[in-house]
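This report refers to the structure that appears directly beneath it.
Protein chains: 2
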Amino acid sequence: MAPPPGDKTASKVNQESTPKRSISSVLFVIAMQTEALPLVDKFQLAEQSDSLFPEGVPWMRYSGKYKDLNINILCPGKDKKFGVDCVGTVSASLLTYASVQALQPDLIINAGTAGGFRAKGASVGDVYLVSDVAFHDRRFLFLIRKIPGIFPGTEGPTAYHRLDASYCYCLLNEAQDDISVDQKLMPAVLEILSSVIYPMQVLDLYGVGSRQALPTPNLVKELKLKVGKLSTGDSLDMTSQDAAVILANNATVKDMEGAAVAYAAELLKVPVIFLKAVTDIVDGDKPTSEECLQNLAAVVAALDKAVTKVVDFINGKTFSEL
Amino acid sequence: MAPPPGDKTASKVNQESTPKRSISSVLFVIAMQTEALPLVDKFQLAEQSDSLFPEGVPWMRYSGKYKDLNINILCPGKDKKFGVDCVGTVSASLLTYASVQALQPDLIINAGTAGGFRAKGASVGDVYLVSDVAFHDRRFLFLIRKIPGIFPGTEGPTAYHRLDASYCYCLLNEAQDDISVDQKLMPAVLEILSSVIYPMQVLDLYGVGSRQALPTPNLVKELKLKVGKLSTGDSLDMTSQDAAVILANNATVKDMEGAAVAYAAELLKVPVIFLKAVTDIVDGDKPTSEECLQNLAAVVAALDKAVTKVVDFINGKTFSEL
Chain A
1 MAPPPGDKTA SKVNQESTPK RSISSVLFVI AMQTEALPLV DKFQLAEQSD
51 SLFPEGVPWM RYSGKYKDLN INILCPGKDK KFGVDCVGTV SASLLTYASV
101 QALQPDLIIN AGTAGGFRAK GASVGDVYLV SDVAFHDRRF LFLIRKIPGI
151 FPGTEGPTAY HRLDASYCYC LLNEAQDDIS VDQKLMPAVL EILSSVIYPM
201 QVLDLYGVGS RQALPTPNLV KELKLKVGKL STGDSLDMTS QDAAVILANN
251 ATVKDMEGAA VAYAAELLKV PVIFLKAVTD IVDGDKPTSE ECLQNLAAVV
301 AALDKAVTKV VDFINGKTFS EL
Chain B
1 MAPPPGDKTA SKVNQESTPK RSISSVLFVI AMQTEALPLV DKFQLAEQSD
51 SLFPEGVPWM RYSGKYKDLN INILCPGKDK KFGVDCVGTV SASLLTYASV
101 QALQPDLIIN AGTAGGFRAK GASVGDVYLV SDVAFHDRRF LFLIRKIPGI
151 FPGTEGPTAY HRLDASYCYC LLNEAQDDIS VDQKLMPAVL EILSSVIYPM
201 QVLDLYGVGS RQALPTPNLV KELKLKVGKL STGDSLDMTS QDAAVILANN
251 ATVKDMEGAA VAYAAELLKV PVIFLKAVTD IVDGDKPTSE ECLQNLAAVV
301 AALDKAVTKV VDFINGKTFS EL
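Residue numbers (UniProt numbering), protein chains in the order written: chain A, 1 to 322; chain B, 1 to 322.
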């Protein structure tokens with residue numbers, strides 16, 4: 001990779017040694033153009049067809065000055081073959097990486113729509129500021145050798161038994177109290193856990209990839225934002241395995257990009273804020289795809305209103321004032 | 001992004017207008033260092049600690065000249081927090097993107113271990129040359145409105161019913177012949193399919209992301225390689241939903257990077273070959289994690305032998321001779 005236009009190391013040192021410098025450039029990563037275009041209008045940004053990126057990539061960039069901030073909105077654009085927005089983690093991580101390298105922003109904001117969990121207090125139209133992100137579909141901890149009779153439902157001829165994530169977490173964290181485990185067999189259970197499960201647990205933690213968003217206590221207080229954790233996966237639906245990990249992630253909202261944006265941003269040492277607006281209730285009784293389409297316009301309007309308030313709040317402030 | 005060191009457009013034109021130019025540079029993307037290091041020795045490559053990549057990324061590069069080829073082996077390296085290899089699609093796509101931008105190779109080879117399906121003829125130790133790649137854990141096509149009684153098992157008070165992918169594909173492709181659908185209700189089925197399923201089907205095809213590897217008929221014939229399709233997902237295990245999509249992908253081998261490497265390579269217009277060695281049988285009776293560890297050393301040796309043969313074959317040849 002050719003050296004980036006700015007000297008990252010120097011700029012980081014500057015930022016750290018002069019904490020009072022106001023935030024001057026904000027990079028938005030927004031997966032769907034439907035979500036981005038009202039903000040492009042609001043901030044009066046112009047589409048850029050420059051050569052920041054390799055020829056042929058579908059990525060879209062809109063930029064301009066809003067108040068004292070240089071704002072860039074980046075979208076992954078439309079898939080060349082299918083014409084749909086390039087949603088998902090691979091595309092979001094590539095776009096984040098390439099645009100941070102090219103533009104060296106002070107701050108990334110990943111804004112977009114998401115599913116919400118009613119059980120955690122989410123309603124359609126809520127906009128969440130995210131405190132933590134993690135993945136829910138990168139599993140390493142799902143296999144355990146079966147001992148006939150030790151767990152309920154494991155009798156039979158199969159030598160191995162596949163358990164779901166919640167059960168493995170339960171075994172790891174609460175095995176001594178689990179009433180379904182025969183206490184006489186606990187030494188055998190623990191031996192299995194140490195030989196098979198523990199080495200995989202480290203990989204599983206890597207897979208889950210839990211990361212914190214930039215803490216912004218004043219922003220939350222001032223704008224009275226709802227705060228929740230975000231879980232990211234590459235599917236619109238949710239399997240029982242996804243649900244178990246989402247539960248372990250303690251997530252209130254579920255999207256398809258956040259944790260991947262966080263991964264790429266951490267690699268390049270740029271702080272991220274996430275704003276996620278709820279289009280559908282995952283633990284409700286309507287299918288996600290249908291509910292999404294019905295609510296999209298109204299929820300995008302709510303998201304854009306919240307984003308504008310956040311940008312107005314950030315304008316002129318230092319990181320320590322957020 | 002700053003312009004890449006080479007002029008991509010010019011080099012592509014050169015390549016197309018002079019098809020007889022031999023392949024001169026090969027970039028390996030290899031997820032695990034255990035898989036890569038024997039090849040580093042074999043090709044007598046040297047670890048490079050240069051500044052091709054942004055400061056702080058864990059990516060490893062080994063490079064050197066082997067016969068007439070410039071060879072670079074790239075590994076995503078160890079996760080800073082957990083010390084495990086940065087396996088998976090996000091990391092693989094970022095590494096592919098950044099290293100292609102920096103090194104402008106003629107050809108990418110993604111080599112590594114994989115799970116194999118006995119039902120498709122795979123055995124432990126087999127090395128497959130991959131014809132096609134696709135994802136199996138990026139689903140958009142799993143939700144359909146329930147009509148009581150139209151599908152078996154859908155009676156009851158719930159207004160919506162979640163179907164698995166194989167069932168949706170069946171409905172889309174073979175509904176007229178599906179004996180489980182009441183033929184009198186077919187018009188209603190088709191109406192549901194068109195209003196709910198079809199729009200999601202395009203997104204689902206984007207998610208599946210099926211792509212062809214570079215066709216290499218002479219290589220396959222000369223080295224008598226087994227050829228099969230590869231399916232990629234971010235989990236070590238396989239859920240029933242994964243299994244349904246893997247079946248639809250007609251995959252013989254299953255890994256955690258291939259389709260993501262293909263996505264990034266296609267963005268930057270570089271052809272890819274995939275070599276995948278089978279460490280464990282997914283549809284066998286041993287758990288993947290355990291079987292993987294038992295067979296790893298022997299299978300990596302088989303992979304490295306195959307990779308060496310492939311590189312020896314490529315040396316001095318043009319693309320049209322592969």
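Think of the CB as a built atom: it goes at the ideal place given N, C-alpha and C, for glycine as much as any other residue.
Residues near glycine 77/A in its chain [Cβ-Cβ closer than 8 Å; skip 5 each side]: Against the first sequence, residue 77/A aligns to sequence position 77. Excluding sequence neighbours, glycine 77/A sits near Gln33, Val57, Pro58, Trp59, Met60, Asp85 and Cys86.
Enclosing alpha helix (DSSP H) for aspartate 242/B [first to last residue]: In the second sequence, the residue the question calls residue 242/B occupies position 242. First-last of the alpha helix (DSSP H) with aspartate 242/B: 240 to 248.
What are the boundary residues of the alpha helix (DSSP H) that serine 99/A is part of? Translated into the one-based positions of the first sequence, residue 99/A becomes position 99. From DSSP, the alpha helix (DSSP H) with serine 99/A extends over 89 to 103.
Going by other Cβ atoms of all chains shown within 10 Å of its Cβ, with 16 needed for buried, is proline 271/B buried or exposed? The sequence position of residue 271/B within the second sequence is 271, counting from 1. Taking all protein chains shown into account, proline 271/B has 16 or more neighbouring C-beta atoms within 10 Å of its C-beta and is therefore buried.
Where glutamine 176/B falls: helix, strand or coil (DSSP): Position 176 of the second sequence, counted from the first residue, corresponds to residue 176/B. Low confidence applies to glutamine 176/B: its pLDDT is 39, below 50, so where it sits in the model is not reliable enough to give any reading.
Pull the bridge partners of tyrosine 62/B from the DSSP assignment, please. Along the second sequence, read from residue 1 onward, the residue named residue 62/B stands at position 62. Glu47/B and Ile73/B.
In chain A, which residues lie with their C-beta within 7 Å of the C-beta of threonine 239/B? Stepping through the second sequence from its first residue, residue 239/B is reached at position 239. Result: Thr239 and Gln241.
Residues of chain B with CB closer than 9 Å to the CB of phenylalanine 82/A, please, in chain order. Position 82 of the first sequence, counted from the start, is the residue given in the question as residue 82/A. Neighbours of phenylalanine 82/A on chain B, chain order: Val202, Leu203, Leu205 and Tyr206.
Would you call the stretch 224 to 232 of chain A and the stretch 110 to 124 of chain B touching, i.e. three or more CB-CB distances under 8 Å? Result no; under three Cβ-Cβ pairs closer than 8 Å.
Does the count of Cβ pairs from the stretch 40 to 53 of chain B and the stretch 62 to 77 of chain B closer than 8 Å reach three? Flag = yes, the stretch 40 to 53 of chain B and the stretch 62 to 77 of chain B touch.
Could you tell me which chain A residues have their CB closer than 7 Å to the CB of proline 38/B, listed as they occur along the chain? Locating residue 38/B in the second sequence gives position 38, where the first residue counts as 1. Those do not exist, as proline 38/B stays about 22 Å from chain A at its closest Cβ, beyond 7 Å.
What residues of chain A sit near valine 90/B, judged by a beta carbon separation below 7 Å? In the second sequence, residue 90/B corresponds to position 90, counting from 1. For valine 90/B, the neighbours in chain A by C-beta distance under 7 Å run, in chain order, Thr89, Val90, Ser93, Ala260 and Tyr263.
Could you list which residues in chain B have their beta carbon closer than 8 Å to that of aspartate 79/A, in chain order? Here residue 79/A is taken as the residue at index 79 of the first sequence, counted from 1. Ordered by position in chain B, the residues that pass the 8 Å Cβ test against aspartate 79/A are Tyr206.
Considering only the alpha carbon of each residue, which of Ile73/B, Leu27/B, Gly88/B and Leu107/B lies closest to leucine 322/B? What you label residue 322/B is simply residue 322 of the second sequence in a count that begins at 1. For the residues Ile73/B, Leu27/B, Gly88/B and Leu107/B, the minimum Cα distance to leucine 322/B belongs to Leu107/B.
Among the residues of its own chain, which have a CB less than 8 Å from the CB of asparagine 295/B, if the five just before and after it don't count? Residue mapping note: residue 295/B aligns to position 295 of the second sequence, counting from 1. Within the same chain, and ignoring the five residues on either side of asparagine 295/B in sequence, the residues whose Cβ sits closer than 8 Å to its Cβ are Val124, Gly125, Thr279 and Asp280.
Indicate whether at least one CB of chain A lies closer than 7 Å to the CB of aspartate 234/B. Taking the second sequence and counting its residues from 1, one reaches residue 234/B at position 234. Under the Cβ distance rule, aspartate 234/B counts among the residues neighbouring chain A, one pair being separated by less than 7 Å.
Measuring CA to CA, which of Val29/A, Val100/A, Tyr263/A and Ala298/A is closest to isoleucine 73/A? Against the first sequence, residue 73/A aligns to sequence position 73. Among Val29/A, Val100/A, Tyr263/A and Ala298/A, the Cα nearest to that of isoleucine 73/A belongs to Val29/A.
Members of the stretch 113 to 140 of chain A that neighbour chain B once the beta carbon cut-off is set at 8 Å: Those would be Phe135, Asp137, Arg138, Arg139 and Phe140, in chain order.
Residues of chain A with CB under 8 Å from tyrosine 97/B, in chain order? Position 97 of the second sequence, counted from the first residue, corresponds to residue 97/B. Correct list: Leu94, Tyr97 and Ala98.
Any C-beta of chain A sitting closer than 7 Å to the C-beta of proline 54/B? Along the second sequence, one-based indexing puts residue 54/B at 54. For proline 54/B, the nearest beta carbon of chain A is closer than 7 Å to its own beta carbon.
Taking Cβ positions only, does leucine 247/B come closer than 7 Å to chain A? In the second sequence, the residue the question calls residue 247/B occupies position 247. Judged by the 7 Å Cβ criterion, leucine 247/B is not in contact with chain A.
Would you call the CB atoms of phenylalanine 274/A and glycine 209/A closer than 7 Å? One-based indexing of the first sequence puts residue 274/A at position 274. One-based indexing of the first sequence puts residue 209/A at position 209. Cβ atoms of phenylalanine 274/A and glycine 209/A: not closer than 7 Å.
Do you know how far the Cα of aspartate 255/B is from the Cα of valine 130/B? As a first step, residue 130/B must be located in the second sequence, where it is residue number 130. As a first step, residue 255/B must be located in the second sequence, where it is residue number 255. The straight-line gap separating the alpha-carbon atoms of valine 130/B and aspartate 255/B is approximately 11 Å.
At a CB-CB cut-off below 9 Å, which residues of chain B make contact with glutamine 33/A? Stepping through the first sequence from its first residue, residue 33/A is reached at position 33. Listed by position along chain B, the residues whose Cβ is nearer than 9 Å to that of glutamine 33/A form an empty set, because the closest Cβ is around 14 Å away.
Beta-carbon proximity of alanine 302/A to valine 127/A, cut-off 7 Å: Residue mapping note: residue 302/A aligns to position 302 of the first sequence, counting from 1. Residue mapping note: residue 127/A aligns to position 127 of the first sequence, counting from 1. Taking 7 Å as the Cβ cut-off, alanine 302/A and valine 127/A qualify as a contacting pair.
Quick one, are the C-beta atoms of aspartate 132/A and glutamine 201/A less than 7 Å apart? Taking the first residue of the first sequence as position 1, residue 132/A is located at position 132. Taking the first residue of the first sequence as position 1, residue 201/A is located at position 201. For the pair aspartate 132/A and glutamine 201/A, the CB atoms are not nearer than the 7 Å cut-off.
Straight-line Cα distance separating glycine 284/B from alanine 298/B: If you number the second sequence from 1, residue 298/B lands on position 298. If you number the second sequence from 1, residue 284/B lands on position 284. Approximately 19 Å between the Cα atoms of the pair.
Less than 7 Å separating the beta-carbons of tyrosine 206/A and phenylalanine 82/B? The residue given as residue 206/A occupies position 206 in the first sequence. The residue given as residue 82/B occupies position 82 in the second sequence. Yes, they are a contact pair.
Whose Cβ in chain B lies nearer than 7 Å to the Cβ of valine 57/A? Indexing the first sequence from 1 puts residue 57/A at position 57. The answer, in chain order, is Leu267.
What residue from Ala265/B, Leu236/B and Leu267/B has the CA that sits closest to valine 253/B's CA? Looking up residue 253/B in the second sequence gives position 253. Among Ala265/B, Leu236/B and Leu267/B, the Cα nearest to that of valine 253/B is on Leu236/B.
Reducing DSSP to helix, strand and coil, say where asparagine 315/B ends up. Locating residue 315/B in the second sequence gives position 315, where the first residue counts as 1. Secondary structure of asparagine 315/B (DSSP, three-state): coil.
Roughly how far, in whole angstroms, is the beta-carbon of leucine 94/A from the beta-carbon of tyrosine 97/B, given that I think they are within contact range, below 8 Å? Locating residue 94/A in the first sequence gives position 94, where the first residue counts as 1. Locating residue 97/B in the second sequence gives position 97, where the first residue counts as 1. Between leucine 94/A and tyrosine 97/B the beta-carbon gap is near 5 Å, inside 8 Å, which marks them as a contact.
Whose Cβ in chain B lies nearer than 7 Å to the Cβ of glutamine 212/A? Within the first sequence, numbered from 1, the residue matching residue 212/A stands at position 212. Result: empty, since nearest Cβ-Cβ is about 12 Å, beyond 7 Å.
How big is the Cα-Cα spacing for glutamine 101/A and glutamine 104/B? Residue mapping note: residue 101/A aligns to position 101 of the first sequence, counting from 1. Residue mapping note: residue 104/B aligns to position 104 of the second sequence, counting from 1. In a straight line, the C-alpha of glutamine 101/A is about 18 Å away from that of glutamine 104/B.
Would you mind stating whether leucine 247/B and lysine 309/B have Cβ atoms separated by less than 7 Å? For the purposes of this step, residue 247/B is taken as the residue at position 247 of the second sequence. For the purposes of this step, residue 309/B is taken as the residue at position 309 of the second sequence. Cβ distance not < 7 Å, so leucine 247/B and lysine 309/B don't count as in contact.
Beta carbon proximity, glutamate 155/A to chain B, threshold 7 Å: In the first sequence, the residue the question calls residue 155/A occupies position 155. The predicted position of glutamate 155/A is uncertain, since its pLDDT is 35 and thus under 50; a value taken from the coordinates is nonetheless stated next. It does not: the Cβ of glutamate 155/A has no partner Cβ on chain B nearer than 7 Å.
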